[in-house]
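What follows is a single structure, written as structure tokens, with notes after it.
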């Protein structure tokens, strides 16, 4: 076993898998990677920028490349993290690392429950062939194949668009349009961005896009841009010693005061307090224990079979739905 937060990529694949137990992780994120955490034995609490969530046994949660998060647990636990290199050409999706996903307990509506369970089946199958390679199959081919299926599932069913659109009336065309806007903002958040400029570049009708964005994001274009800026700034608070004013300008805010207001609205704390909290958590973190497959072979065999069997019994996985509340609405 090893005691660090790095993960190893599976050779000749776009994915990595870590098997581990936690007490108190340090806040972190994985730039360029989508992480999906599967709780095999718990419960475990995950803390993110906006909320803390209890992961029960069998729960999964996705973390985007800039999602700062950490796990905490005071009892025996076993988790698996799947890491997907979103820049890998096998996914055939330019700018995939700039797209946002949401897959977490309680925010998945009833209509998406079958897809959620299928996603779990894909992950468990990936884990099984990683832990127990079949002599007649190439591990790298199997892992790559299922990694592609997982990402396709995320794009088709757990795309950020579906959770903020909150409507069955939106078409794939509207989703694609929203995605192109998100990618543009993610590439240019450090610059001055206006809706008019976006319309000119992408040949959108200004009034239509303004109404469209108001409906799909709940908060309108400018507020959405500022959230992405605050989201990007969080990693600078964690990983650098830059002063708050420099960070504010670096991510595109017109003034530090404006950054403070936006940050406090979303995080109910100031950037300085948030940074201090992150550093305190980092210094008090306990080492995460990472296992090789041989160390946990019997446990893994049991939990893979157990959780796969549970997925065949709807009474065991149907759970209450809580509408997504990640966006502050004035």
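In the UniProt record's numbering, the protein residues as written are 1 to 330.
Using N, Cα and C, we set each Cβ at its ideal position, and we do this for glycine too.
Give me the Cα-Cα distance between residue i and residue j, rounded to the nearest whole angstrom.
i, j, result
"residue 200", "residue 222", "16 Å"
"residue 23", "residue 109", "31 Å"
"residue 47", "residue 53", "7 Å"
"residue 7", "residue 204", "42 Å"
"residue 59", "residue 196", "42 Å"
"residue 186", "residue 118", "30 Å"
"residue 104", "residue 38", "10 Å"
"residue 76", "residue 215", "44 Å"
"residue 206", "residue 264", "30 Å"
"residue 73", "residue 300", "19 Å"
"residue 10", "residue 255", "44 Å"
"residue 260", "residue 68", "19 Å"
"residue 295", "residue 88", "30 Å"
"residue 239", "residue 286", "19 Å"
"residue 233", "residue 247", "6 Å"
"residue 43", "residue 146", "27 Å"
"residue 322", "residue 308", "Its pLDDT being 42, under 50, residue 322 is placed unreliably by the model, and the measurement read from it follows with that caveat. So the two alpha carbons sit approximately 25 Å from each other."
"residue 241", "residue 306", "46 Å"
"residue 70", "residue 266", "19 Å"
"residue 172", "residue 102", "18 Å"
"residue 302", "residue 175", "40 Å"
"residue 115", "residue 157", "7 Å"
"residue 122", "residue 61", "14 Å"
"residue 163", "residue 86", "21 Å"
"residue 32", "residue 49", "18 Å"
"residue 143", "residue 83", "11 Å"
"residue 106", "residue 66", "22 Å"
"residue 336", "residue 292", "This structure gives no information on residue 336, because the portion of the chain shown stretches from 1 to 330."
"residue 284", "residue 270", "21 Å"
"residue 160", "residue 262", "21 Å"
"residue 99", "residue 183", "7 Å"
"residue 41", "residue 139", "25 Å"
"residue 213", "residue 95", "21 Å"
Checking the sheet assignment: what are the DSSP bridge partners for residue i?
i, result
"residue 44", "55"
"residue 63", "35"
"residue 69", "28"
"residue 129", "For residue 129, which the question treats as bridged, DSSP gives no partner whatsoever."
"residue 101", "159"
Going by DSSP, what residue range makes up the alpha helix (DSSP H) through residue i?
i, result
"residue 234", "221 to 239"
"residue 79", "That residue, residue 79, is in no alpha helix (DSSP H); its beta strand (DSSP E) goes 78 to 85."
"residue 180", "172 to 188"
"residue 165", "160 to 165"
"residue 157", "139 to 157"
"residue 201", "195 to 202"
Assign residue i to one of two classes, buried (16 or more other C-beta atoms within 10 Å of its C-beta) or exposed (fewer than that).
i, result
"residue 56", "exposed"
"residue 252", "buried"
"residue 13", "buried"
"residue 273", "exposed"
"residue 229", "buried"
"residue 97", "buried"
"residue 81", "buried"
"residue 51", "exposed"
"residue 288", "buried"
"residue 64", "buried"
"residue 132", "exposed"
"residue 134", "exposed"
"residue 16", "buried"
"residue 312", "exposed"
"residue 268", "exposed"
"residue 340", "With the chain running from 1 to 330 in the structure shown, residue 340 is simply not present."
"residue 177", "buried"
"residue 275", "buried"
"residue 376", "No answer is possible for residue 376: it lies beyond the span of the chain, which begins at 1 and ends at 330."
"residue 226", "buried"
"residue 235", "buried"
"residue 92", "exposed"
"residue 27", "buried"
"residue 189", "buried"
"residue 130", "buried"
"residue 257", "exposed"
"residue 120", "buried"
"residue 208", "exposed"
"residue 18", "buried"
Between which two residues does the beta strand (DSSP E) harbouring residue i extend?
i, result
"residue 247", "Note, residue 247: premise wrong, no beta strand (DSSP E); alpha helix (DSSP H) at 244 to 250."
What runs of the beta strand (DSSP E), each 3 residues or longer, lie entirely inside the region 263 to 311?
Complete beta strand (DSSP E) runs here, min 3: 289 to 291.
Which runs of the beta strand (DSSP E) spanning at least 3 residues fall entirely within the region 4 to 43, listed in chain order?
15 to 21 and 33 to 41
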